[in-house]
Amino acid sequence: MSFFSRYLPFVAAMALVVVASNILVQFPLQGAIGGLSLADILTWGAFTYPFSFLVTDLANRRYGPAVARRIVFVGFTAAVICSVVIPPLLFRYGLIEFETAADRLVRIAAASGTAFLIAQLLDVTVFNRLRRQSWWRAPIVGTLVGSVFDTAVFFTVAFSAAFAFAGPNDGFALETAPLMGVLSLETMRWVSWALGDLGVKLIIAVVALIPYRLLAARWSQPALAA
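The sequence shown lines up with residues 548 to 773 when you count with our numbering.
Okay, here's the thing in structure tokens:
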């Protein structure tokens, strides 16, 4: 039996989360909290992407780290392909109002793929070290560590001027604005985007403990891969 057929639910779930996130990241979250415009710091993709850690942790719990890492590589492939293919399709069908240049797409794909790979493999490693402790410790610590690295790597590679060698900069992201849109401290916009993204990831990490507990409870013993 092939890897894809044997572990299809996890492979499909990971691909679905990554594809959905790459689509939803194109759509800012509308609304405001006080003087804070949510569209300035968040996209809908921030709410779906963290569930990739849930998929990884459940696969690790069920089949062990070797299989979890294979599923991570499936997600990595999907992340890179989607980052290049999906934005032009959304623009072509009128779902987004801007078209991203090809060289800019390559930089976004590099940022997305690198961040995903580093964060998810870190999650697998941390989870595996803590899996014999309290049921919540491994998934929450692994996800938190992975989320911090994912956010730091993606936004730095995608938007920081230091990575201009990877592709053209986004002028709007590099402009200074009040931190998080409301604070007196001025910083580059991409820093506020990163902080908003990380904040949502940390909240989702806690919420995801509920489905993790429900699903993991069904597997009293991990089913180690052959």
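Cβ atoms here follow ideal geometry from the backbone N, Cα and C, with glycine treated the same way.
Remember, predicted model here, so these are calculated numbers, not experimental data.
Distance CB(residue i)-CB(residue j) smaller than 8 Å
{"i": "Gln667", "j": "Val619", "result": "yes"}
{"i": "Val602", "j": "Val627", "result": "no"}
{"i": "Leu605", "j": "Ala763", "result": "yes"}
{"i": "Val671", "j": "Ala615", "result": "yes"}
{"i": "Phe674", "j": "Gly689", "result": "yes"}
{"i": "Phe600", "j": "Gly660", "result": "no"}
{"i": "Val621", "j": "Ala713", "result": "no"}
{"i": "Thr734", "j": "Leu745", "result": "no"}
Close-in-space but distant-in-sequence residues of the same chain around residue i (CB under 8 Å, 5 per side omitted)
{"i": "Phe645", "result": "Phe638"}
{"i": "Ala648", "result": "Pro715"}
{"i": "Leu749", "result": "Leu691, Ser694"}
{"i": "Ile643", "result": "Gln573, Phe574, Pro634, Leu637"}
{"i": "Arg678", "result": "Asn607, Arg608, Ala685"}
Helix, strand or coil at residue i according to DSSP, with G and I counted as helix
{"i": "Ser584", "result": "strand"}
{"i": "Pro597", "result": "coil"}
{"i": "Phe674", "result": "helix"}
{"i": "Gln680", "result": "coil"}
{"i": "Asp650", "result": "helix"}
{"i": "Ala656", "result": "helix"}
{"i": "Ser707", "result": "coil"}
{"i": "Ala755", "result": "coil"}
{"i": "Val614", "result": "helix"}
{"i": "Ile643", "result": "coil"}
{"i": "Met561", "result": "helix"}
{"i": "Asp604", "result": "helix"}
{"i": "Gly622", "result": "helix"}
{"i": "Asp744", "result": "helix"}
{"i": "Asn780", "result": "As shown, the chain starts at 548 and ends at 773. That puts residue 780 outside it, with no answer to give."}
{"i": "Gly728", "result": "helix"}
{"i": "Asp781", "result": "As shown, the chain starts at 548 and ends at 773. That puts residue 781 outside it, with no answer to give."}
Residues bridged to residue i [DSSP beta-bridge criterion]
{"i": "Met774", "result": "Residue 774 lies beyond the range of the chain shown here (548 to 773); nothing can be said about it."}
{"i": "Pro575", "result": "Thr590"}
Contacting residues, own chain, Cβ-Cβ under 7 Å from residue i (five flanking each side not counted)
{"i": "Trp591", "result": "Leu571, Phe574, Leu576"}
{"i": "Gly728", "result": "Leu583, Ser584, Asp587, Ile588, Ser739"}
{"i": "Phe594", "result": "Val747, Ile751"}
{"i": "Ala708", "result": "Asn716, Leu721"}
{"i": "Leu669", "result": "Val692, Gly693, Phe696"}
{"i": "Leu560", "result": "The displayed chain sequence assigns Ala, not Leu, to residue 560. So the qualifying residues of the chain are Val602."}
Chain-order list of residues whose beta-carbon lies under 6 Å from that of residue i (same chain, five-residue window excluded)
{"i": "Phe702", "result": "Trp737, Ala741"}
{"i": "Ala658", "result": "Phe701, Val704, Ala705"}
{"i": "Asp697", "result": "Ala662, Ala666"}
{"i": "Ile751", "result": "Pro597"}
{"i": "Gly743", "result": "Ile588, Leu589"}
{"i": "Ala656", "result": "Val627, Ser630, Val631"}
{"i": "Val653", "result": "Gly714"}
contact_flag[the segment 558 to 570, the segment 712 to 728] where n(CB pairs < 8 Å) is 3 or more: no
Under 8 Å: do the segment 681 to 695 and the segment 628 to 636 share three or more Cβ pairs, one atom per stretch? no
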